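In my numbering, the protein residues as written are 7 to 517.
All C-beta atoms in this analysis are idealised placements derived from N, C-alpha and C, irrespective of residue type, glycine included.
These figures come from a predicted structure and were not determined experimentally.
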């Protein structure tokens, strides 16, 4: 009969019953006590998410379940590559205040971490693996070091110390190991919680100072936070909308739809989307942009939705566009009349003095510059209105045409203009007319700003799924501080040797 059933059997007549405990009873009792002790520590350390308070709760709980006089918690600082004593209880001297640190690769603590196993010693004054002489003089007669774990990695050490000689039993060590992992997980949770609070505190301070509406969205699109500007713009109640899905937050449908389109975009950074909002309280054009959030410390993933009221800016853009269109069209008629008059004047002065002919030529050049400016303004507006997308375009043929058209211009300055085209280029999608104009603008600029006798090269090559067009020359180049602005409208680089006439619209059209 097994021990478990023996305790249930009734004694026979004449049998003497002794008060003995079977081994299984002892094991069951020990297991029960072990589980109770671990649960006691777990309940204690989970009372708070404050990091410092969790440290102290953990120390107090360990002292209650283990027969030791002192305990300590040391954590790994990955950035500094050190193990730092963070908290202690029952020690004779304040080693936390003293800043007890164990550099990487040194001492018993690193041995415990790298081996990821319990280490037990006797009198520390006789232990050669102790890295700090101050600790050796503390008078510790027995100690056990247990690695703490969180998320499958060692995060620190839980130490149990005795100022009297003591032999840690196997049950003591099992309990210490289990408690170490409970404490490790609790401290990691508290650290993350504190980090989130600090992050949110900084975030809220930043968001509160922004005049634009800002929303923090969770990974699945729920509304986590919003700033005062968002509350004021849309008339929301933060207490009612926080935690709700965006479509249930009370935001206008146009904003919800724009956010969904932004989330669906694959390119980075995501393009800004303008939406017209018309509600009882708001009539505006709003620009929506979305930025991914990922805090590696806390593991938080989500989105930052920025909503700006751009009604005034878009109205100004519309007025500017109308003005450009009106002025450009109105200038065409007098420019045409002036050009006709100059042609007649050129014929009348053909036999005149060189000075008169020179004046007529200067007037003609000025008129051509004015015509190009008007054409560029109209072209720019045409581009902004959108173009028809064509497929099956061969950039090598366009490049050949551009080189042929500019060869004479380069020869006037004794420049070398060459074309380098890779074989078997793929077809591209775009607008053939404007691709030719863009390529021609680059080549023309190369000729214009390269000295006489210089070289200009047009390269067309494939790069995986793209076709790249490059113009290389040994001309003036573009200063580094101007490179970010060369595509702005009417921007021109000032400085030596930049006396060529131009409108500053060419590269804006290329873009």
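Please name the residue in the options whose C-alpha comes closest to that of residue i.
i: residue 473; options: 429, 159, 461; result: 429
i: residue 270; options: 246, 291, 309, 475; result: 309
i: residue 97; options: 111, 352, 77, 90; result: 77
i: residue 377; options: 427, 268, 341, 441; result: 341
i: residue 297; options: 289, 476, 311, 127; result: 311
i: residue 184; options: 68, 246, 100; result: 68
i: residue 455; options: 445, 482, 167, 432; result: 482
i: residue 408; options: 441, 435, 398, 339; result: 441
i: residue 60; options: 196, 178, 124, 80; result: 196
i: residue 375; options: 338, 175, 259; result: 338
i: residue 346; options: 361, 360, 446, 373; result: 373
i: residue 228; options: 234, 450, 248; result: 248
i: residue 217; options: 236, 359, 73, 125; result: 236
i: residue 64; options: 457, 116, 194; result: 194
i: residue 111; options: 135, 124, 128; result: 135
i: residue 126; options: 137, 143, 381, 167; result: 167
i: residue 435; options: 419, 471, 336; result: 471
i: residue 403; options: 366, 445, 354, 371; result: 445
i: residue 319; options: 92, 292, 137, 330; result: 292
i: residue 116; options: 87, 103, 99; result: 87
Can you tell me whether residue i is buried or exposed, with buried defined as 16 or more other CB within 10 angstroms of its CB?
i: residue 357; result: exposed
i: residue 84; result: exposed
i: residue 2; result: This structure leaves residue 2 out entirely; the chain is present only between 7 and 517.
i: residue 244; result: exposed
i: residue 29; result: Any reading at residue 29 must be qualified, since the residue scores a pLDDT of 39, below 50, and its modelled position is unreliable; no value is offered.
i: residue 314; result: buried
i: residue 25; result: Low local confidence applies: a pLDDT of 41 at residue 25 is under 50, so the model's placement there is unreliable, with the coordinate-based value given in what follows. Exposed.
i: residue 282; result: exposed
i: residue 153; result: buried
i: residue 213; result: buried
i: residue 414; result: exposed
i: residue 175; result: exposed
i: residue 343; result: exposed
i: residue 94; result: buried
i: residue 361; result: exposed
i: residue 354; result: exposed
i: residue 405; result: buried
i: residue 239; result: buried
i: residue 91; result: buried
i: residue 71; result: buried
i: residue 232; result: buried
i: residue 250; result: exposed
i: residue 204; result: exposed
i: residue 416; result: buried
If we call anything under 9 Å between Cβ atoms a contact, is residue i one with residue j?
i: residue 75; j: residue 169; result: yes
i: residue 437; j: residue 411; result: no
i: residue 459; j: residue 489; result: no
i: residue 256; j: residue 287; result: no
i: residue 156; j: residue 190; result: yes
i: residue 463; j: residue 478; result: yes
i: residue 179; j: residue 79; result: no
i: residue 151; j: residue 114; result: yes
i: residue 81; j: residue 139; result: no
i: residue 294; j: residue 252; result: no
i: residue 290; j: residue 279; result: no
i: residue 101; j: residue 57; result: no
i: residue 426; j: residue 364; result: no
i: residue 423; j: residue 399; result: no
i: residue 222; j: residue 124; result: no
i: residue 475; j: residue 465; result: yes
i: residue 225; j: residue 307; result: yes
i: residue 119; j: residue 89; result: yes
i: residue 401; j: residue 379; result: no
Name, in chain order, the residues that DSSP records as bridge partners for residue i.
i: residue 307; result: 300
i: residue 149; result: 127, 167
i: residue 468; result: 473
i: residue 155; result: 160
i: residue 200; result: BP columns for residue 200 are empty, so no partner.
i: residue 264; result: Bridge partners of residue 264: none, in fact.
i: residue 315; result: 292
i: residue 279; result: 294
i: residue 107; result: 90
i: residue 228; result: 251
i: residue 121; result: Paired residue(s): none; residue 121 is not in a bridge.
i: residue 80; result: 91, 163
Checking contacts by CB at 9 Å: is residue i closer than that to chain B?
i: residue 374; result: Absent from the structure is chain B; it holds one protein chain and no more.
Kindly examine the ligand HEM and report whether one of its heavy atoms sits closer than 8 Å to the Cβ of residue i.
i: residue 364; result: Ligands displayed in this structure: none; no statement on the ligand HEM is therefore possible.
Practice task
State whether the segment 341–356 contacts the segment 315–332, with contact taken as three or more CB pairs (one from each stretch) at a distance under 8 Å.
Solution key: Verdict: no, contact absent.
Practice task
Pair every Cβ in the segment 139–148 with every Cβ in the segment 163–178, then say whether three or more of these pairs are closer than 8 Å.
Solution key: In short, these stretches touch, since the Cβ pair count reaches three.
Exercise for the section: Report yes or no: do the segment 94–112 and the segment 178–194 share at least 3 C-beta pairs separated by less than 8 Å? Expected result: Contact fails: fewer than three Cβ-Cβ distances are below 8 Å.
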